[in-house]
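Undergrad:
Numbering (the numbering used here), first residue to last: 40 to 492.
Okay, structure coming up:
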């Protein structure tokens, strides 16, 4: 600038607005930047100048700072986009991994709200386990509830979300099994999801296919029952023998009722109930299951005090056929055992009508046969040991007491044995199965406990 010792700018011509740096050594080396412009003019033969100076040091500092902030913001934006992409990729991988884990479990997971509407979140296993794609559907429809079940489920759902009681107290009142169309055993379990206010917002349903587990447990129970049956057969040969002989007779009686013009429903029920008790005492599970099914059919008529057998005749025939097949399978499977114990329901035994024996007894009396010998003959072929008959009750008492966690001492016999006419006492002896079962069920509590029960 012309104001400087060697400068010429602005002396004769306009010096446009420009920024220049300055340095002040006497002001603690202060430096900065100013905007300056020079306008020369003449007046009364004098040279004059208008000089405009504006210090823009602070403004430039702010401008540079703002520029750096913009650059940092731009860089942060770029980094943020990258971070979002990386995080999104991580979440996607995590979701894929979680879905893979959830689906590999073979369990159906779904979430539904207070109205019972299922959310879009569910595992693919639901399509197999619950036979439906739950998204957007009502949980009642997904679970295929009956009208009665629907009403109960709605009441349960209302109680859950009202939180009148803790969730854990109400949880077990909900449905615990899904009726699968292919007979699979599907268990249901529920879990609560809570919002920020610690209120239940949704429920999670976990459906698990436990068919294989149940089949394994049933197979194990069958094996245990069979082992128990063998032990009871060997240690209670007489009870076993009576069962083997009475089983075909009972089934034959039940079969005769199909074509009978009049059926005593109560007598049919008693026959089946006795068979059920005997099978339970000896752990003959196939016969026990068949007897229970047949008893359920007869109970339908019996509960209605109805003597019309025709209303359940088809179901009766089907259930009886199942019981008959179970009987044949039982004899076939245990053929070697029956032979080893010298027990048979067929040709090895010759049955004689007790009336014929008594007829010969009377003839012997008329012929003057020794009375003691004649009485010995009668008792040998028509009388049975009462002690032997009652010994089998110990097995029944022990078995039922064990199931109910009750302590029962075995029957103790004293004195001489008593022999009784089997024909006169067979109905009474057969009913003892139920008597001893009822003794354990109801007959050994204290009076106060009995009242409570």
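We put the beta carbon where it would ideally sit given N, CA and C, even for glycine.
Which word fits residue 369, buried or exposed, when buried means at least 16 other C-beta atoms lie within 10 angstroms of its C-beta?
TA: By the 10 Å Cβ count, residue 369 comes out buried.
Undergrad: Check whether the Cβ atoms of residue 272 and residue 282 sit closer than 7 Å, and answer yes or no.
TA: No, the pair does not count as a contact, with Cβ atoms beyond the cut-off.
Undergrad: Distance check for residue 103 and residue 45, CA to CA, integer angstroms please.
TA: Cα to Cα, the separation comes out at about 32 Å.
Undergrad: Can you tell me whether residue 331 is helix, strand or coil according to DSSP?
TA: Residue state, collapsed to three classes: helix.
Undergrad: Can you check whether the CB of residue 75 is closer than 7 Å to the CB of residue 92?
TA: Their beta carbons are under 7 Å apart, which means residue 92 touches residue 75 by this criterion.
Undergrad: Is residue 378 helix, strand or coil when you go by DSSP?
TA: The answer is helix: DSSP assigns residue 378 an H, G or I state.
Undergrad: Give the C-beta separation of residue 332 and residue 378 to the nearest angstrom, bearing in mind that I take them to be a contact with Cβ-Cβ under 8 Å.
TA: Not quite, the Cβ-Cβ distance comes to about 30 Å (not below 8 Å), so this is no contact.
Undergrad: Put residue 59 into one of helix, strand or coil per three-state DSSP.
TA: If DSSP states are grouped into helix, strand and coil, residue 59 belongs with the strands.
Undergrad: Can you give me the Cβ contacts of residue 476 inside the same chain, cut-off strictly under 6 Å, excluding the 5 residues immediately before and after it?
TA: Taken in chain order, the residues that qualify are 439.
Undergrad: Report the residue from 42, 199 and 165 whose alpha carbon sits nearest the alpha carbon of residue 212.
TA: If we check each option's Cα against that of residue 212, 199 comes out closest.
Undergrad: For residue 339, count neighbouring C-beta atoms within 10 Å of its own C-beta (all shown protein chains included) and say buried if the count is 16 or more, exposed if not.
TA: With fewer than 16 other Cβ atoms within 10 Å, it is exposed.
Undergrad: Assess, as a yes-or-no matter, whether the stretch 259-271 is touched by the stretch 316-324 under the definition of 3 or more beta carbon pairs within less than 8 Å.
TA: At 8 Å Cβ cutoff, the stretches touch.
Undergrad: Pick from 481, 415, 414 and 456: whose alpha carbon is nearest that of residue 447?
TA: Residue 481 is the option with its Cα nearest to residue 447.
Undergrad: Quick check: what's the CA-CA separation for residue 442 versus residue 276?
TA: One C-alpha to the other measures close to 23 Å.
Undergrad: Beta carbon of residue 239, beta carbon of residue 251: below 7 Å?
TA: No, they are not a contact pair.
Undergrad: Could you check what DSSP says for residue 284 in three-state terms: helix, strand or coil?
TA: Here residue 284 sits in helix by DSSP.
Undergrad: I'd like to check one pair, residue 408 with residue 348: are the Cβ atoms closer than 7 Å?
TA: Cβ atoms of residue 348 and residue 408: not closer than 7 Å.
Undergrad: For the putative contact between residue 162 and residue 148, defined by C-beta atoms under 8 Å, what is the C-beta separation to the nearest angstrom?
TA: At roughly 5 Å, the Cβ-Cβ gap stays under 8 Å, so residue 162 and residue 148 are in contact.
Undergrad: Tell me which same chain residues have a C-beta within less than 8 Å of the C-beta of residue 172, skipping the five on either side of it?
TA: So the qualifying residues of the chain are 161, 165 and 166.
Undergrad: Would you give the residue range spanned by the beta strand (DSSP E) that residue 410 belongs to?
TA: No beta strand (DSSP E) holds residue 410; the alpha helix (DSSP H) holding it covers 410-421.
Undergrad: Relative to the alpha-carbon of residue 312, which residue among 326, 300 and 299 has its alpha-carbon at the smallest distance?
TA: When each option's Cα is compared against that of residue 312, the closest is 326.
Undergrad: Between 99, 125 and 242, which lies nearest to residue 207 when the distance is taken from Cα to Cα?
TA: The option with the nearest alpha carbon to residue 207 is 242.
Undergrad: State buried or exposed for residue 355, treating a residue as buried only when at least 16 other CB atoms are found within 10 Å of its CB.
TA: Burial call: buried.
Undergrad: So the beta strand (DSSP E) residue 351 belongs to, where does it begin and stop?
TA: Note, residue 351: premise wrong, no beta strand (DSSP E); not H, not E.
Undergrad: According to DSSP, simplified to helix, strand and coil, what is residue 392?
TA: It is coil, neither helix nor strand.
Undergrad: Hey, quick one: how far does the alpha helix (DSSP H) through residue 210 stretch, first residue to last?
TA: 206-210 is the span of the alpha helix (DSSP H), which, as asked, contains residue 210.
Undergrad: What three-state label does DSSP hand residue 216 in the structure shown?
TA: Residue 216 falls in the strand class under three-state DSSP.
Undergrad: Where does residue 496 sit, in a helix, a strand or coil, going by DSSP?
TA: Coverage of the chain is limited to positions 40 through 492, which leaves residue 496 absent and any answer about it impossible.
Undergrad: Leaving out five residues before and five after residue 268 in sequence, what residues of the same chain have Cβ atoms less than 7 Å from its Cβ?
TA: Answer for residue 268: 321, 322 and 323, listed in chain order.
Undergrad: Determine the DSSP secondary structure at residue 452, reduced to helix, strand or coil.
TA: Of the three classes helix, strand and coil, the one that applies to residue 452 here is coil, per DSSP.
Undergrad: Of the residues 132, 50, 393 and 158, which one's Cα is nearest the Cα of residue 80?
TA: Here the closest residue by C-alpha is 50.
Undergrad: Pick helix, strand or coil for residue 90, following the three-state DSSP scheme.
TA: It is a strand residue.
Undergrad: Going straight from the alpha carbon of residue 57 to that of residue 85, what length do you get?
TA: Cα to Cα, residue 57 sits roughly 26 Å from residue 85.
Undergrad: On the premise that residue 400 lies in contact with residue 422, defined as a C-beta separation below 8 Å, what is that separation, rounded to the nearest angstrom?
TA: Actually they are not in contact, since the Cβ atoms of residue 422 and residue 400 sit about 12 Å apart, beyond 8 Å.
Undergrad: Which same chain residues end up closer than 8 Å to residue 305 when comparing Cβ atoms and leaving out the 5 residues on each side of it in sequence?
TA: Contacts found: 341.
Undergrad: Suppose you measure from the CA of residue 416 to the CA of residue 337; what does that come to, to the nearest Å?
TA: So the alpha carbons of these two residues sit roughly 43 Å apart.
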